[in-house]
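Protein chains in written order, with our numbering: chain A, 1 to 289; chain B, 290 to 540. Beneath this line is the structure, given in structure tokens, with notes to follow.
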């Protein structure tokens, strides 16, 4: 029985990892606390729902359209909010407040257009897969396979391509990055596009299983931010470790206690973990020079 | 150029700096703290936009060009506090500085695998050649190419940051206090690297507070005081000047 919860936790962890990477891409490279990601996540969910339930597109096409539109919205947050503020030398706190404003506008616009009630993408009961005592539902199967494939592709890109190297360099030092001849502005455009893709993939995979409402973004984003922090801030790969840890921890809390204790126990454990390792599980203490 | 502080008081920082940097020579820029030496570097390398006047390099006007384009046009810079990029290995740090930017697009490594691999191999060899030239055959850094930058001490990061500048195909290097905070052993190595840069045909403009070092390496010295180049000439002549000694060295 416990293994069922571990598997559920790992699959949830994959979804947290995807959203954590979407957030970390912006946070690590620009240092902006990208709260608008919660609104972008909700936008992706509603686009996915709209193209499946209203436009009648097959799920795969609907998700691709939703991802493309979400990437554009993510880019808009850079071009219309963050970049003008950066050009005016606004502080990162100002950028964060603007980000909260952008999130509020996106979520309220969605609520006005589509209503506040919970919606489901697909209501048909699909045949689950059984591996002995462990049952994996059809949405979970897609979450695990698509999520793991996207994470693997991202890790490959990050470690083995020049673009990945550029991304890590921009995360380390923006000024030095520019001095070495790289266009920060152009790289940020790509960062926001890829961030939007990760947020959209996490959102589509999640709402396909649990449905959607306009206020779901913030709680998921908080979990993703926690995943990023416990994994180790500053790196991208640690989001996966943090996401999986958080997912399993939450799932085991449900197993040992009850679902309404999930957040309390999880955050207590995380608090203790951060007291012991403030740099996160896989983070490292920077050498003081 | 001027700046305004939190009390809304405006100060002239640089007012009519006129400095010709001679090609193939080492020019030292000296002056007291807060006289605008680093600001002048920021103007040349494109990080400071709010100024009047002209920055001319090899006949081209560099006014208000973005920093990355100035770098691509042949001006490299060592920052006062900027070291190696942490989270990247020594080899990645070196390769990133290469003027060959092949494979910059996200999936070019997959689409043009052969070309990307060949370009990577050239960069790796170039990095190794530079380390051999500076630190000798079989030096320890050749075995530390895959170590994260944070594994190196401050002094090592400083000399490796200087070595990295040789990757970029630059023609003018702006070095902001290269010897600051490093021990005497590394200072000798830094001197050796700067000399190597000049042998390779580079022009060096350096900010330095270590006057013994300036005397040893610089061909020409410019003394920045009160927003202007107050004295320019052969290093010994400038540093032995009575006014410079009085106002800057306090002797």
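Glycine included, each C-beta is placed from N, C-alpha and C at the ideal position.
*Which residues in chain B sit within 7 Å of residue 174 of chain A, going by Cβ to Cβ distance?*
Going along chain B, no residue has its Cβ under 7 Å from residue 174 of chain A, so there is no contact; the nearest lies around 10 Å.
*asked:* Quick check: the Cα distance between residue 158 of chain A and residue 382 of chain B, rounded to an integer number of angstroms?
replied: 15 Å
_DSSP state of residue 58 of chain A mapped onto helix, strand, coil_ = Three-state DSSP puts residue 58 of chain A in coil, outside helix and strand.
*For the putative contact between residue 181 of chain A and residue 18 of chain A, defined by C-beta atoms under 8 Å, what is the C-beta separation to the nearest angstrom?*
Taking the Cβ atoms as the reference, residue 181 of chain A lies roughly 32 Å from residue 18 of chain A, outside the contact range of under 8 Å.
*Considering only the beta carbon of each residue, do residue 191 of chain A and residue 26 of chain A sit closer than 8 Å?*
yes
*Comparing the C-beta of residue 165 of chain A with each C-beta of chain B, is any distance below 8 Å?*
yes
*Rounded to whole angstroms, what's the CA-CA distance from residue 235 of chain A to residue 507 of chain B? Just pull it up for me.*
41 Å
*From this set, B:486, B:338, B:322, which residue's C-alpha is nearest residue 459 of chain B's C-alpha?*
B:486
*Nearest to residue 337 of chain B by CA position, among B:473, B:327, B:407, is which residue?*
Checked all of B:473, B:327, B:407; the closest Cα to residue 337 of chain B is B:327.
*Simplified DSSP assignment, three categories, for residue 482 of chain B*: Residue 482 of chain B falls in the helix class under three-state DSSP.
*How would you label residue 163 of chain A, buried or exposed, when you count the other beta carbons within 10 angstroms and need 16 or more for buried?*
buried
*asked:* Below 8 Å on C-beta distance, what does residue 361 of chain B contact in chain A?
replied: 181
*Using beta-carbon positions only, say whether residue 467 of chain B and residue 367 of chain B come within less than 8 Å of one another.*
yes
*Terminal residues of the continuous beta strand (DSSP E) containing residue 46 of chain A?*
First-last for residue 46 of chain A: 36-49, but that is the alpha helix (DSSP H), not the beta strand (DSSP E).
*Distance, residue 240 of chain A Cα to residue 221 of chain A Cα*: 15 Å
*Count the other CB atoms within 10 Å of the CB of residue 113 of chain A; is the residue buried (16 or more) or exposed (fewer)?*
Burial call: exposed.
*Is residue 493 of chain B closer than 8 Å to residue 449 of chain B when the C-beta atoms are compared?*
Taking C-beta atoms as the reference points, residue 449 of chain B and residue 493 of chain B fail to come closer than 8 Å.
_Distance cutoff 8 Å, beta carbons only. Does residue 171 of chain A sit that close to anything in chain B?_
Flagged as an interface residue toward chain B: residue 171 of chain A, by a C-beta distance shorter than 8 Å.
*Across which residues does DSSP place residue 365 of chain B in a beta bridge pair?*
B:462
*asked:* Could you compute how far the alpha carbon of residue 24 of chain A sits from the alpha carbon of residue 502 of chain B?
replied: 43 Å
_DSSP state of residue 271 of chain A mapped onto helix, strand, coil_ = DSSP places residue 271 of chain A in the helix class (H, G or I) of the three-state scheme.
*Take the Cβ of residue 288 of chain A as the centre, count every other Cβ of all protein chains shown within 10 Å, and call the residue buried at 16 or more, exposed below.*
Its pLDDT being 47, under 50, residue 288 of chain A is placed unreliably by the model, and nothing is read from it.
*Compute the distance between the beta-carbons of residue 39 of chain A and residue 97 of chain A, then report whether it is under 8 Å.*
The Cβ atoms of residue 39 of chain A and residue 97 of chain A do not sit closer than 8 Å to each other.
_I need the straight-line Cα distance from residue 243 of chain A to residue 201 of chain A, nearest angstrom please._
15 Å
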